[in-house]
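All remarks here apply to the structure that follows.
Residue numbers (the numbering used here): 3 to 236.
Written out as C-alpha cells, the structure is:
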C-alpha cells in the first residue's frame, strides 16, 4: 500500500483493500514499547502508521482505504469520522448499537472497543486504516495495552450477537464505506499474488505482514471518484 500510494498520480483510482492477517502485533510510529506487555510467540512489527499498539489476527477484517482526500475534498478528521460511521452503520445492520469515544478514535459498544483505527496520510492520500473484530480469539489483546490504554476492554462482533463469518460482514462494510466516500464498487478481473510473511523488524516496515492470497475486485465511483476493492487473506 505504501508503494501504491507513492506511485499514484492525480488520476489514479482510489482503492479499498480488505485483508485478514496472521497473528501479529503492530506498533505505530510514535508507539511506546512499554505498551507491549508480553507478546510471547506473536511477532511485534513497527509500522509507519499513527497510533500505539494493536493486534491483528484471524477473524478480524483489516480494511485499507487508499483514498485521495484532496479529490474527495475532506480533511483527516472528517476522513476518520466517516470510517467510524461506516463501522457504526455496519453494526447497526445487525441491531448492534455502537458509538465513538472522545479523544480515542475507534468504535465502541458499551465501552468495549470493537474497531481500531491507525492511519497515515502522505501527499493528501491515505493508507493503513481499520481493524474490525468479527469472530476472533481476543486473548492476545491481554498481552498489550490496546491502543495505549491499560485495561481497555476489547470485544468482537460475534460476542455482541453478530455473525461469525467475515464473508457475511464484508459486503455490508464495503457498502457503508462506499456510501461514506461516494464510491461505486465493481468486481475486478485479477487475483492478488501470494506474499510471504515478513519477519519481525526493529524499524518501521514498508508493508504490513502478509501471507496467502485472495480475490481482487475493482470499483468505479459516482462523480470524480473511483475505487478498487481488494479482498484477500494476508
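A virtual CB, placed ideally from N, CA and C, is assigned to each residue, including glycine.
Keep in mind that this is a model prediction, so the values were computed, not measured.
Residue i vs residue j beta-carbon contact at 8 Å
i, j, result
"residue 110", "residue 99", "no"
"residue 84", "residue 182", "yes"
"residue 88", "residue 179", "yes"
"residue 149", "residue 105", "no"
"residue 55", "residue 147", "yes"
"residue 61", "residue 138", "yes"
"residue 116", "residue 159", "yes"
Where residue i falls, given that 16 or more other Cβ within 10 Å makes a residue buried
i, result
"residue 75", "exposed"
"residue 136", "buried"
"residue 40", "exposed"
"residue 92", "buried"
"residue 120", "buried"
"residue 201", "The predicted position of residue 201 is uncertain, since its pLDDT is 42 and thus under 50; no value can be drawn from it."
"residue 236", "In this prediction, residue 236 scores a pLDDT of 39, lower than 50, which makes its location untrustworthy; no coordinate-derived value is stated."
Alpha carbon of residue i to alpha carbon of residue j, nearest angstrom
i, j, result
"residue 33", "residue 27", "12 Å"
"residue 9", "residue 15", "12 Å"
"residue 29", "residue 155", "19 Å"
"residue 2", "residue 44", "Residue 2 lies beyond the range of the chain shown here (3 to 236); nothing can be said about it."
"residue 162", "residue 90", "13 Å"
"residue 172", "residue 165", "11 Å"
"residue 194", "residue 59", "Model confidence at residue 194 stands at a pLDDT of 49, short of 50, so the residue's coordinates are unreliable; what they give is reported in the following sentence. C-alpha separation (whole angstroms): 20 Å."
"residue 80", "residue 36", "31 Å"
"residue 186", "residue 31", "33 Å"
"residue 167", "residue 94", "16 Å"
"residue 152", "residue 42", "18 Å"
"residue 157", "residue 72", "34 Å"
"residue 170", "residue 63", "11 Å"
"residue 220", "residue 175", "Note that residue 220 has pLDDT 39, beneath the 50 cutoff, so the model's placement of it is unreliable and the number below is only indicative. Cα-Cα distance, rounded: 16 Å."
"residue 177", "residue 17", "14 Å"
"residue 118", "residue 86", "9 Å"
Residue i - DSSP class collapsed to helix/strand/coil
i, result
"residue 120", "strand"
"residue 191", "Low confidence applies here, because residue 191 scores a pLDDT of 49, under 50, leaving its location unreliable; read the following figure in that light. Coil, per DSSP."
"residue 101", "strand"
"residue 8", "helix"
"residue 76", "coil"
"residue 88", "helix"
Can you confirm whether the region 12-23 touches the region 140-160 when touching is taken to mean that 3 or more C-beta pairs between the two stretches lie within less than 8 Å?
With a cut-off of 8 Å, the region 12-23 and the region 140-160 do not count as touching, because too few Cβ pairs lie within range.
Quick check: the region 128-135 against the region 53-70, are at least 3 beta-carbon pairs closer than 8 Å?
These segments touch.
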